[in-house]
Structures are given as C-alpha cells and as structure tokens.
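Asker: This structure is in structure tokens; I'll ask about it shortly.
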Amino acid sequence: MTSAIEGAFREAGVVGWLHAVDLDSGREVGVRPDESVVLASVFKVPLLVAFFRRAAAGGLDPAEQVTLPPGARVAGSTGTSVLLDEIRMSLRDLACLMITVSDNTAADVVLERVGLEHVNRTLTELGLGRTGVTGSAGELHSSLMADAGVTDPAELWERLAEPGMTGRLSALDPTRSSHGTPRELTRLLAAIWHDDAAPPPECAQMRRMLGLQVWPHRLASGFPYDDVLVSGKTGTLLTLRNEIGVVEYPDGGRYALAVFTRARSTAATHPRADAAIGTAARLAVQELRGWAS
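Here it is in structure tokens:
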C-alpha cells in the first residue's frame with residue numbers, strides 16, 4: 001500500500017509524507033512518518049490544544065472579549081484578516097475561526113494570549129519532542145518577505161521560481177520554521193480524540209471546531225460520503241500543502257491522518273497536489289480497514 005501512496009504523490013508532482021493510525025487498534029501506515037516537516041497553518045492545532053489546556057487550568061477566560069481595531073490585521077485571505085471595521089468577540093470564538101477558516105489574525109491574537117512558551121511546553125508535556133512552534137502567522141509572513149527581499153506578496157510569487165529562491169526562505173525549512181513529524185501530529189490528534197490532550201469538555205470543543213473546518217478539497221476529498229465525518233486542519237505555504245485530521249466511519253472506525261506535501265511546481269494553484277492528499281489518505285485508511293476486517 002505504501003507504494004500506491006507514493007505513486008499518488010509522484011503522479012501529482014509532489015514529495016509526500018504521511019502517517020495514518022487506527023485510533024482504537026493502534027495499527028498504522030506510514031510514508032516517511034518520522035521525517036521533519038513544516039507545519040504552516042497546522043501550527044494552529046498545537047495552539048488550540050494549549051489554549052484549551054490553559055483555559056481548563058484557569059489561566060485564561062475563553063469568554064474574554066477582545067477588540068480588534070481597524071488596521072490590526074495579519075496578512076491572510078480569510079476571517080477577520082480580511083475585515084475592515086472594528087471587531088469584538090471572545091477568545092474562544094477567535095480560536096474557532098483560526099481552525100475553521102484558518103484565520104491568521106485570530107490565531108495571532110490567541111497566540112499572544114496563550115504565549116508561545118506555553119504552546120511549546122504543552123507539546124513537551126504531551127511527549128511530542130520533535131514538534132515545535134517558532135512564532136506567529138504574522139512573523140512567518142514577515143520572514144517570507146524579508147528572506148525574498150520583497151515587500152509585496154505578489155512579487156514573491158513572481159520570483160518564487162528563480163533559482164535558489166525557495167532555499168532562501170526560512171519558512172520552508174523545518175529546521176527554522178514551525179515543524180513536526182507526521183507521526184507526532186497523529187499522536188496529537190489521538191490525544192484530542194481520546195480526551196488526553198485536555199479535560200474531556202475541552203477536548204469535545206476542540207473536536208467540534210476541527211469538525212467545522214470548511215475546506216473540502218484535501219483530506220475530505222478522499223471520503224466523499226454523507227455518513228463519513230472528516231475533521232481537520234489544513235496548512236498552506238507557497239509550495240507546501242498539508243492537512244491533518246480524523247476520519248470517522250459510521251461503523252465506529254476512527255483514523256487519524258497527517259499528510260504533508262511539497263510541490264515541485266511553484267504555481268499558486270495546484271489542484272492535483274490538493275487531491276493527492278485526499279487520495280493518499282483514502283489509500284491509507286483502506287489499508288487500515290482491511291487489516292481490521
């Protein structure tokens with residue numbers, strides 16, 4: 001089965017990394033599952049866990065109201081990042097937006113309140129020693145512009161295919177950016193689904209938010225069935241397209257997946273790479289369900 005998964009990645013023109021695990025039996029499938037990969041917006045899942053753990057411990061009030069004045073926006077194409085007027089909402093609702101629509105402004109407000117040190121301490125406490133968050137979405141965007149020597153994102157895309165450009169971008173390097181391994185990311189999901197990442201009420205809220213993610217073009221594309229629930233979080237950064245999530249079947253089968261890809265093409269739109277994530281996930285789950293039978 002791993003050869004079929006590799007074939008799906010190869011046909012899409014990407015290098016891929018995958019780990020899939022049956023949340024009840026522990027059976028697993030992997031393609032380079034222990035290699036370090038860039039998280040991109042997947043960093044918002046460790047942040048979500050840290051937020052709810054801190055809320056459960058009384059370190060913050062999830063209902064605390066936050067006001068975002070005009071102009072206090074982080075670069076992004078969704079949620080509060082694209083709004084122009086003053087916004088007032090709770091930290092918990094901002095956390096929801098950072099997961100469901102990958103809102104960068106919301107994520108950075110939550111990160112500022114939780115604290116980067118606390119996020120990484122949470123990962124250590126959960127035994128995820130090879131996963132780390134290095135900074136905010138705003139800092140990531142700023143590093144891209146600085147490393148590329150540009151001030152306009154459109155210019156970055158225009159120059160991305162220049163020889164050596166992608167190698168200059170620290171954001172694409174797992175040794176210099178927020179990072180993890182596919183296996184550790186499925187362990188994080190397992191902790192959420194098993195109520196080990198935080199107390200059960202907080203884990204239930206996290207599962208709800210991940211289940212409300214709006215993007216159907218990656219992981220969910222591999223499971224186009226009304227009775228199969230796909231919960232997840234995407235990550236997108238130039239040539240990187242990722243998603244981690246949990247697929248739940250009506251017969252009770254539950255499978256955590258982490259799929260990371262790096263495209264050879266520098267095109268901003270790459271539907272074959274997106275689809276390969278769903279295809280690889282489907283092949284992995286089919287293998288796990290075949291073992292289970």
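Each residue of the sequence shown is one higher than the one before, counting from 1 in UniProt numbering.
Backbone N, C-alpha and C define an ideal beta-carbon position, used for all residues, glycine too.
Keep in mind that this is a model prediction, so the values were computed, not measured.
Taking C-alpha atoms, which residue in E125, L240, W215 lies nearest to V230?
Answerer: The residue with the shortest Cα to Cα distance from V230 is W215.
Asker: Where does S293 sit, in a helix, a strand or coil, going by DSSP?
Answerer: At S293 the pLDDT is 39, less than 50, meaning the model places this residue with poor confidence; the figure from the coordinates comes in the next sentence. S293: coil per DSSP, three-state reduction.
Asker: Sort out for me which residues DSSP pairs Y255 with in a bridge.
Answerer: Partner(s): D22, V247.
Asker: Pick out the complete alpha helix (DSSP H) segments inside the segment 159-188, 4 residues or longer, and give them in chain order.
Answerer: Listed in chain order, the complete alpha helix (DSSP H) runs (minimum 4 residues) inside the segment 159-188 are 165-168.
Asker: DSSP three-state call for G135: helix, strand or coil?
Answerer: Three-state result, G135: coil.
Asker: Taking the alpha-carbon positions, what's the G59 to F52 distance?
Answerer: Taking the straight line from one Cα to the other gives about 10 Å.
Asker: Starting from the Cα of T236, find the closest Cα among K44, E6, G7 and give me that residue.
Answerer: When only C-alpha atoms are compared, the closest one is K44.
Asker: Note down, in chain order, each residue of its chain lying with its Cβ closer than 7 Å to the Cβ of R262, except the 5 sequence neighbours on either side.
Answerer: Hits under 7 Å: V14, V15, T239, L240.
Asker: How many Å lie between residue 294 and V228 at the Cα?
Answerer: Because the chain in this structure spans residues 1 to 293, residue 294 falls outside the shown range and cannot be described.
Asker: Which whole-angstrom value describes the C-beta separation of S170 and S143, a residue pair presumed to lie in contact below a C-beta threshold of 8 Å?
Answerer: Correct: roughly 6 Å between the Cβ atoms.
Asker: Using the rule of at least 16 other Cβ atoms within 10 Å of the residue's Cβ for burial, across every protein chain shown, is R113 buried or exposed?
Answerer: Classification for R113: buried.
Asker: If we count Cβ pairs, one from each stretch, closer than 8 Å, do we get three or more for the segment 144-156 versus the segment 78-88?
Answerer: Contact between the segment 144-156 and the segment 78-88 is absent, because fewer than three Cβ pairs lie under 8 Å.
Asker: Buried or exposed for P65, going by 16 or more other Cβ atoms inside 10 Å?
Answerer: It is worth fixing the name first, because residue 65 is Gln in this sequence and not Pro. With fewer than 16 Cβ atoms within 10 Å of its Cβ, Q65 is classed as exposed.
Asker: Taking only three categories from DSSP, how would you classify A56?
Answerer: A56: helix per DSSP, three-state reduction.
Asker: With distances taken Cα to Cα, identify the nearest neighbour of M89 among L172, D152, T105.
Answerer: Cα-wise, what sits closest to M89 is T105.
Asker: Could you tell me the alpha carbon to alpha carbon distance between A197 and C203, rounded to whole angstroms?
Answerer: Their Cα atoms are separated by approximately 7 Å.
Asker: Taking the alpha carbon of S177 as the point to measure from, which residue in E6, A154, T131 has its own alpha carbon closest?
Answerer: The option with the nearest alpha carbon to S177 is T131.
Asker: If I measure Cβ to Cβ from D274 and keep anything under 8 Å in the same chain, skipping five residues before and after, which residues do I get?
Answerer: Answer for D274: H217, R218, S221, R241, listed in chain order.
Asker: Can you check whether the CB of A20 is closer than 9 Å to the CB of A256?
Answerer: Yes, Cβ-Cβ distance for A256 and A20 is below 9 Å.
Asker: In the DSSP assignment, the alpha helix (DSSP H) including T67 goes from what residue to what residue?
Answerer: Taken as a continuous stretch (DSSP letters only), T67 belongs to no alpha helix (DSSP H), being part of the beta strand (DSSP E) at 65-68.
Asker: Helix, strand or coil, according to DSSP, for V228 in the structure here?
Answerer: Residue state, collapsed to three classes: coil.
Asker: Taking the alpha carbon of L91 as the point to measure from, which residue in D85, V109, V74 has its own alpha carbon closest?
Answerer: That would be V109, whose Cα lies nearest to the Cα of L91.
Asker: So what does A263 bridge to, in DSSP terms?
Answerer: Partner(s): V14.
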